[in-house]
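Chains A and B supply the protein sequences, listed in that same order.
Under the working numbering, the residue at position 206 of the first sequence is numbered 206, and the numbers go up by one with no gaps.
Counting the second sequence from 1 gives a position; the working numbering is that position plus 431.
Okay, so here's the structure we're looking at.
2 protein chains.
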Amino acid sequence: MEKINIGIIGFGNVGAGVVKIIRERGANLSSKIGLHLEIKKICDKDTVSKRNVSVDKSLITKDAHEIIDDPKIDIVVELIGGIHPAREFITQALNKGKNIVTANKALLAVYGRELFALASDRGKNIYFEASVGAGIPIIKSLREGLVANKFNSIYGIVNGTSNFVLSQMSQQNYSFDEALREAKEKGFAEKDPSLDIEGMDSAHKLSILSYLAFGRLVDLSDIFVEGISCVTNADINYARELGFAIKLLAIAKKEKDELELRVHPTLIPEDHLLSSVGGVFNAIYVSSDLAGNLLFYGPGAGQLSAASAVVSDLVDLSHDIKAGLFRPTLKISPDTSIKKLRKIDDIESRYYLRTMTLDKPGVLAKIAGILAKSGISIASVSQKEKGRQEAVPIVMIIHSAKEKDMRTALGTINKLDIIKQKAVAIRIEEL
Amino acid sequence: MEKINIGIIGFGNVGAGVVKIIRERGANLSSKIGLHLEIKKICDKDTVSKRNVSVDKSLITKDAHEIIDDPKIDIVVELIGGIHPAREFITQALNKGKNIVTANKALLAVYGRELFALASDRGKNIYFEASVGAGIPIIKSLREGLVANKFNSIYGIVNGTSNFVLSQMSQQNYSFDEALREAKEKGFAEKDPSLDIEGMDSAHKLSILSYLAFGRLVDLSDIFVEGISCVTNADINYARELGFAIKLLAIAKKEKDELELRVHPTLIPEDHLLSSVGGVFNAIYVSSDLAGNLLFYGPGAGQLSAASAVVSDLVDLSHDIKAGLFRPTLKISPDTSIKKLRKIDDIESRYYLRTMTLDKPGVLAKIAGILAKSGISIASVSQKEKGRQEAVPIVMIIHSAKEKDMRTALGTINKLDIIKQKAVAIRIEEL
């Protein structure tokens, strides 16, 4: 049986999962695909730590060039994460005529344009199913299953850590800090969770999803990013009273001939499927013009889940290599109806607005007056019990308004001496 | 640019959709795949009716053999549905060296074994993404995206008509007949809706899903099938009070070394994602050993949705043809841990049980006594308001029991003179 030689750079959690699957399912995979997947070399700077799969010492190296420079290796799997030296390794491997499998969303978000261009130039492929939603086959679905479709929007819950935190705040009535502490204890959050909590990990994934759906690899700086640390469990409860859940969404949305790209906590209708996505799960809600509105849901992380995606890439690539095919579905064609990216200032949205004010007459009139001055109209208002705190929460739903106007108004409101805390404004999506 | 010649047999709703997409997106598809999809011939016995796409008369024929026997045609798309003459057309086309795309679930469920064997024998492929869940890329996901996985279970809402009826009964408090009438008015149900409502369409799709997940094309007679016409809106309301929704599920489930295959109305926890799948939508909940629990959701029918799946098959097949590839991922490998199919008599399940009894002392004792005699124990009982009817509903949740024992007990209960209507028993799945 023909053999495909694989070199793995990065023998961490996911790397060990890939080795485990190929070890245990090798015969089964071979009988399905008619090819034998052979792990020829594994590179990691840590060659000492125990993994949950045992490999012959002769397979292990500290030197990535034993993989990159080996003419017998067909596919290089990059699983070290981060920008450097992943970028250099992949570049060198492409130049040596290797095909690439990677799970590295940060790298693709930042250097995707450069790497995809080089791959195309070399007639090689980069597969990256594990970069978004781990084992959920969302990349393949967008690129192949929905190949004939144009896309209107993508709404993704693509960061398990943030979703776990928001879910626990909602279900257990935890504060943000309590929920984050639990996430850390359970191994769902890193020691420094800012990449997840502040939305940047979601932005990396959004960049990849919008590349697939709209054919554009945008600069990360063109994605508006706001994390969940401003969300309190009071907001979650008030939102629920109004029929909404709060989720950290990665949004790519076509509005006329412009594309909006943003990551932020979002109020969505409580009866929408995305509202039911709890814990560390991920879900991507795709609006397409032929196949309609689709949801893809599953665990967004995990050793075997991510490794499942890497192995499916390896199988696809092996077919390509056998067939001598530069797989043309990888050619992403840009949606030519999109003329430009819409800046965050120019988006229009409904908003949830909570202010904490002194409990005295005329407060509401003052706030409403400022909003009116910016041309912003209020859909509903409710004043909440003030509880033990000195200030009174006033919760408003704002009719569709321009972000720029909303910010101007918020700036003025926050300067009022009746305002005891910075106002919280959260965008609403109807989906 | 290399050309792939396509012949379409069946110029109905989906056929016209396929032609429309290839017409309108042809250039875009070509730029993605590097091949030109050319519709060379379209066959339908009705050459008169207007379609929502206009085609040159010279393309149209009433004679399928103008497609099957044309040596220039690479792919035959079968969209006439039903068993005959679809089976004969596909057989002849395979024998003439064509690759096949079909949306015909009934045909694959009944003659899949024969047709897949013939295709393999001829080194040709049969693609069938549109046969389950229309544009939801579930076939591709199971076969390619999850290629490394073993599966524990599949729970599918795969019949939009039934799901619409149950949703309207639940949301509008309609009777079964009222909901079905609305489905017909909206074009969601056929004049004779029995194939949908009685579960056979779901069984066809289950047969295909279990082939992909467990490698077995079972006889349809090995799938237990029960439709939704026994479900009343009272049952839906009682189930809701107990925290359950009622859905028509297609279930393929591995229990130790046996496989259960069944279609029936099912109580599932109300907070499970599948419970939120409303209207004509479909969803397939897949439990896999590496990628975990996944959900695929979308419209289960519709001209462009089904056509979207057909076109994605055409693109994949075109790659295969260009590469001279008999696509090995089509080799389904059987799950060898499964030793036999479990008969419905031998399954174990919790049950929802509703009896309509005379309102007099000792009734409950009698029913409970019969259940106890069969070794069946009751988890909860509630007697409902009798409303305007003469009889009193008693609703029970039954602890896990063997189907055979449950049937014996029901037979005895139904013969009691205190029983005013045949008892309704609905299986519960915890998911």
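Glycine included, each C-beta is placed from N, C-alpha and C at the ideal position.
Whether residue i touches residue j by CB criterion (8 angstroms)
i: A/L79; j: A/G10; result: yes
i: B/D744; j: B/E560; result: yes
i: A/K57; j: A/K45; result: no
i: A/Y155; j: A/L431; result: yes
i: B/A722; j: A/S131; result: no
i: B/D500; j: B/K527; result: yes
i: A/L37; j: A/S318; result: yes
i: A/V392; j: A/T336; result: no
i: B/L640; j: B/I763; result: no
i: B/R719; j: B/F582; result: The sequence shown places Ser at residue 719 of chain B, not Arg. For B/S719 and B/F582, yes; Cβs fall inside 8 angstroms.
i: A/V310; j: A/A103; result: yes
i: A/S153; j: A/A252; result: yes
i: A/V280; j: A/N163; result: yes
i: A/A409; j: A/I378; result: no
i: A/L294; j: A/I157; result: no
Other residues of its chain near residue i: CB distance less than 8 angstroms, five sequence neighbours each side excluded
i: A/I428; result: F244, T266, L267, I268, S349, R350, Y351, Y352, I397
i: B/V596; result: F607, A610, L611, A614, A620, I628, I659
i: B/R671; result: S601, E701
i: A/S276; result: none
i: A/D359; result: K386, A391, V392
i: B/K678; result: I588, N594, L597, P696, T697, I699, L705, S706, V708
Residue i Cβ short of 7 angstroms to the ligand MN heavy atom set
i: B/E860; result: By its list of ligands, the structure shown contains no ligand whatsoever, and the ligand MN lies outside what it can speak to.
Local conformation of residue i per DSSP, three classes
i: A/L295; result: strand
i: A/E114; result: helix
i: A/G302; result: coil
i: B/F559; result: coil
i: A/G411; result: helix
i: A/H264; result: strand
i: B/E779; result: strand
i: A/S167; result: helix
i: A/V315; result: helix
i: A/E226; result: coil
i: B/V484; result: coil
i: A/M356; result: strand
i: B/G438; result: strand
i: A/E182; result: helix
i: B/L490; result: helix
i: B/V741; result: helix
i: A/I321; result: helix
Sequence-distant residues of the same chain with beta carbon closer than 6 angstroms to residue i, five excluded per side
i: B/E689; result: K771, R773
i: B/F727; result: I567, I569, I715
i: B/D632; result: N590, L626
i: B/V746; result: I464
i: A/I347; result: E260, E403
i: A/A109; result: H204, S207, L220
Extent of the continuous alpha helix (DSSP H) run through residue i
i: B/K684; result: It is not in any alpha helix (DSSP H) - B/K684 instead sits in the beta strand (DSSP E) that spans 675-686.
i: A/I68; result: 65-68
i: A/L290; result: Element bounds for A/L290: n/a, residue is neither H nor E.
i: A/G17; result: 13-33
i: A/K366; result: 363-373
i: B/T522; result: 517-526
Same chain only: Cβ atoms within 7 angstroms of residue i, ignoring 5 sequence neighbours per side
i: A/G278; result: S167
i: A/N173; result: N233
i: A/L146; result: S288, A291
i: A/I90; result: E78, I100, T102, L115
N-terminal and C-terminal residue of the beta strand (DSSP E) that residue i is part of
i: B/Y605; result: Here B/Y605 belongs to no beta strand (DSSP E), and DSSP marks it neither H nor E.
i: B/R858; result: 850-859
i: B/I667; result: Not the beta strand (DSSP E): B/I667 falls in the alpha helix (DSSP H), residues 664-672.
i: B/A832; result: 823-833
i: A/T440; result: Because residue 440 of chain A is not part of the residues shown, which for chain A are 1 to 431, the question remains open.
i: B/H703; result: Where B/H703 is concerned, there is no enclosing beta strand (DSSP E), given that its DSSP letter is neither H nor E.
i: B/S813; result: 809-814
i: A/S153; result: 151-157
i: B/T478; result: B/T478 -> no beta strand (DSSP E), and no H or E assigned at all.
i: B/V508; result: 506-509
key: Contained alpha helix (DSSP H) runs [length at least 4] in the segment 190-221 of chain A, N- to C-terminal order   = 194-197, 200-214
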